[in-house]
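Down below is the structure, laid out as structure tokens.
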């Protein structure tokens, strides 16, 4: 009996998969487009084209919630808002600077350990909140599209490797499938609601690059009414391109845009012996932005555009990793590179140009360990001329992995009170912190035109045994 159940279950899975593939091969072929809508997508010979107010629109955007004026001056045309806090005023400000807005509608994270999509009250509340937001803001002239969830953990319905572990328990197989289907049902109901309430604007969602092709395939299979899919790409873009090429042989890929892109994150970097990721200089980051955008342009020609990460100032492992601005609004090399890309012209100003930092004549890869209160020397080397037009500021912060718990990676690390003695314009001495643990020393180089450059070096303080 158990064997028959397993055979029946396997055949059911196979049938559903085949039906899904056959339907996807013909999905949206020759589907008529309502060109009277404010925003719509049209199939072209080369892929898809986004239209806004009757005109072709290519997304030159950024993710964040500040510096709207600077985004417009830089040549950007779109801001992606990650939440709906003070949404009305942000939409108004975006419209003031002629920016289109992608509005994120946050969802519960899908987890099998605690699945909120099984709790009717939670699902009802989520629907009510999203419905209220859409109804209130659907007619705003700045609105471009609704983004239903950021980096959603879209369930892989047929997870072969997980189901195979439970082949003796068919009940468990169906329990897992039921959990996944509850998320998908809610997700699809929200898409349907937005389409009904606001047919003028597309609905998109964004996925991260882990398990990329599996999530993408399942979205195409089980949420076919989504209009656009956003790809958050921080892995080497060549890897994602190869996965998309393979997937396109199985299904007709939906219109897409690069919903986040930028430099590689802390998770992808070389680390010290105690696990601190080594962060490159802001000067090098500018080059990475330029190179990555060039790759997208040459290999993602069917994209509807992109939104760079991050337009503002935030903490993620360090307070400098992803930031295009510092906390006082100064602009980095990344800003200048984006301006060159979007405006297709050179900039009149360039930030200070940092080569690297040395501490006691060693670099970040040398796993520097200091005694508490020991005297050390740091220097930042520049390609820029060091003169009175430049100011160099130094700080020491605790290392980010000291912070644990929910939202810890976004908590600003503690700045340590340290006295720096200047030797030269670009050299200082300092006493290591008295408490054991991991730290970083930061150097910030400011010019008189509102630009900055920064670099940092991790080190560890350890007492003698």
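Residue numbers (our numbering): 1112 to 1576. From the three backbone atoms N, C-alpha and C, an ideal C-beta is built for every residue, glycine too.
Just to check my reading of the structure: residue 1436 and residue 1427 have Cβ atoms closer than 8 Å, yes? What is that Cβ distance to the nearest angstrom?
The pair is not a contact, with the Cβ atoms about 14 Å apart (cut-off 8 Å).
Taking C-beta to C-beta, are residue 1475 and residue 1568 nearer than 9 Å?
Yes; because the gap between Cβ atoms is below 9 Å, this pair is in contact.
C-alpha gap between residue 1159 and residue 1391, whole angstroms:
Going from the Cα of residue 1159 to the Cα of residue 1391 covers about 36 Å.
State yes or no: is the C-beta of residue 1217 within less than 9 Å of the C-beta of residue 1260?
Yes, they are a contact pair.
Reference residue 1268, options 1293, 1314 and 1143, closest by Cα
Nearest of 1293, 1314 and 1143 to residue 1268, Cα basis: 1293.
For the alpha helix (DSSP H) containing residue 1165, list its first residue and its last residue.
Per DSSP, residue 1165 lies in no alpha helix (DSSP H) and is assigned neither H nor E.
Using the Cβ count rule (16 or more neighbours within 10 Å means buried), how would you classify residue 1348?
With 16 or more other Cβ atoms within 10 Å, it is buried.
Check the C-beta distance from residue 1507 over to residue 1544 and give it rounded, since I have them as a contact under 8 Å.
That pair is a contact at about 7 Å.
Could you give the distance in angstroms between the alpha-carbon of residue 1538 and the alpha-carbon of residue 1337?
The alpha-carbon atoms of residue 1538 and residue 1337 are separated by roughly 55 Å.
State the DSSP-derived secondary structure class of residue 1542, mapped to helix, strand or coil.
Reduced to three states, the DSSP call for residue 1542 is strand.
Reduced DSSP category for residue 1565 - H, G, I as helix; E, B as strand; rest coil
DSSP places residue 1565 in strand when its eight states are reduced to three.
Are three or more beta carbon pairs between the segment 1412–1420 and the segment 1366–1382 nearer than 8 Å?
Touching, yes.
According to DSSP, residues forming a beta bridge with residue 1535
BP columns for residue 1535 point to 1538.
Residues in the same chain with beta-carbon distance under 6 Å from residue 1333, minus the five sequence neighbours each way, listed in chain order, please.
Excluding sequence neighbours, residue 1333 sits near 1295.
Between the C-alpha atoms of residue 1550 and residue 1573, what's the straight-line distance to the nearest angstrom?
Computed Cα separation, rounded: 11 Å.
In whole angstroms, what is the alpha-carbon distance linking residue 1073 and residue 1171?
Past the edges of the chain, shown from 1112 to 1576, lies residue 1073, and the structure says nothing about it.
Under 9 Å between C-beta atoms of residue 1480 and residue 1400
Not a contact, by the Cβ cut-off of 9 Å.
Using the Cα positions of residue 1187 and residue 1482, report the straight-line distance between them to the nearest angstrom.
Taking the Cα positions, residue 1187 is about 48 Å away from residue 1482.
Same chain, Cβ closer than 6 Å to residue 1232, five either side skipped, listed in chain order:
Cβ within range, chain order: n/a, list empty.
DSSP bridge partner residues for residue 1549 (one or two, in chain order):
Beta-bridge partners of residue 1549 (DSSP): 1571.
Please report the distance separating the alpha-carbon of residue 1304 from that of residue 1149.
In this structure, the CA atom of residue 1304 is about 18 Å from the CA atom of residue 1149.
For residue 1380, the nearest candidate out of 1297, 1236 and 1346 (CA to CA)
In terms of CA proximity to residue 1380, 1346 leads the group 1297, 1236 and 1346.
Under 6 Å Cβ to Cβ from residue 1152, same chain only, skipping five residues before and after it: list those, please.
Here residue 1152 has 1159, 1161 and 1366 as same chain residues with Cβ atoms under 6 Å from its own Cβ, once five neighbours each way along the sequence are excluded.
Please state the DSSP three-state secondary structure of residue 1560.
Coil, per DSSP.
Boundaries (first-last residue) of the beta strand (DSSP E) holding residue 1244:
No beta strand (DSSP E) contains residue 1244, which is instead part of the alpha helix (DSSP H) from 1231–1248.
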